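Below is one structure; the comments refer to it alone.
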Amino acid sequence: MKEVGNLEGIVLTGLTKDGVDLIESYVDRTGDVQTASYCMLQGSPSDVLKDERVQYWIENYRNLLDAWRFWHKRAEFDIHRSKLDPSSKPLAQVFVSCNFCGKSISYSCSPMPHQGRGFGQYGVSGSPTKSKFTSCPGCRKPLPRCALCLINMGNPVSSSPGASKSDEKIDLSKEKKVAQFNNWFTWCHNCRHGGHAGHMMSWFRDHTECPVSACSCKCMQLDTTGNLVPEESAQP
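Yeah, the sequence shown ends on 244 if you go by my numbering, and it's all consecutive.
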């Protein structure tokens with residue numbers, strides 16, 4: 009059974025080294041890395057999960073989901089994986105640093121209990137959630153301004169510049185549900201311009217070019233998801 013990759017043999021081998029050998033034969037015969045990944049994650053001990061073959065199947069399955077643009081499914085798989093294998097939990101990949109001193113602006117931020125992860129909900133040194141975090145904790149220089157509303161990052165804002173009061177009430181209720189995503193730092197990795205996530209999303213619904221004057225960067229067209237937007241729905 010092990011040589012031909014018959015999955016029924018798992019009943020005899022268990023998810024051990026012999027089980028990995030069996031699944032390897034199965035993957036070589038079928039190319040089914042999805043079944044292999046879920047089988048190994050679901051019941052294998054940590055030492056088996058560290059096997060190079062197991063990690064190879066898992067990474068190939070993740071890459072396959074990304075290639076098919078099933079990003080939500082890949083994210084759900086990563087969450088499921090981190091619960092079953094805590095050692096696989098990825099470290100933070102992006103840090104926001106001060107333009108003046110270069111230090112991280114989030115090292116002294118402490119999230120309030122039962123709150124979301126949006127920057128607008130971070131307090132400084134235990135301060136209330138309503139306090140504004142608009143300067144670097146290290147050098148106290150102001151944070152960058154949003155390219156659209158020109159307000160320093162860290163200030164809670166409405167979903168789009170110029171929104172009416174009635175719109176703001178609606179947006180605030182929505183922000184609570186999405187952990188104030190509208191207040192997050194967002195920027196283009198090419199031209200480095202950006203602002204509040206809510207404002208940038210609103211801008212790029214109708215434009216492909218950077219909102220900063222004299223910048224000709226086609227930010228939206230550089231994004232994989234931006235390439236999925238029909239050209240007639242986005243104007244420069």
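Idealized CB from N, CA, C, for every residue including glycine.
Source: prediction; values computed, not measured.
C-alpha gap between residue i and residue j, whole angstroms
i	j	result
residue 223	residue 96	40 angstroms
residue 142	residue 36	55 angstroms
residue 108	residue 227	25 angstroms
residue 30	residue 48	12 angstroms
residue 69	residue 25	21 angstroms
residue 11	residue 33	6 angstroms
residue 86	residue 55	19 angstroms
residue 52	residue 13	18 angstroms
residue 215	residue 61	45 angstroms
residue 39	residue 189	39 angstroms
residue 211	residue 59	46 angstroms
Closest Cα partner of residue i within the set the options
i	options	result
residue 163	147, 148, 192	192
residue 105	90, 146, 214	146
residue 199	230, 15, 188, 150	230
residue 112	17, 83, 148	148
residue 204	197, 213, 158	158
Exposure label - residue i; buried when at least 16 CB within 10 Å
i	result
residue 75	exposed
residue 78	exposed
residue 89	buried
residue 19	exposed
Spatial neighbours of residue i in its chain, beta-carbon cut-off 8 angstroms, leaving aside the 5 residues before and after
i	result
residue 201	155, 195, 218, 219, 220, 223, 225, 227
Cut-off 7 angstroms between Cβ atoms - residues of its own chain near residue i, not counting five sequence neighbours on either side
i	result
residue 22	none
Chain-order list of residues whose beta-carbon lies under 6 angstroms from that of residue i (same chain, five-residue window excluded)
i	result
residue 66	45
residue 57	93
residue 152	161
Inter-residue CB distance, residue i and residue j (contact presumed, cutoff 8 angstroms)
i	j	result
residue 92	residue 63	Contact flag wrong, Cβ pair sits at about 14 angstroms.
residue 81	residue 73	5 angstroms
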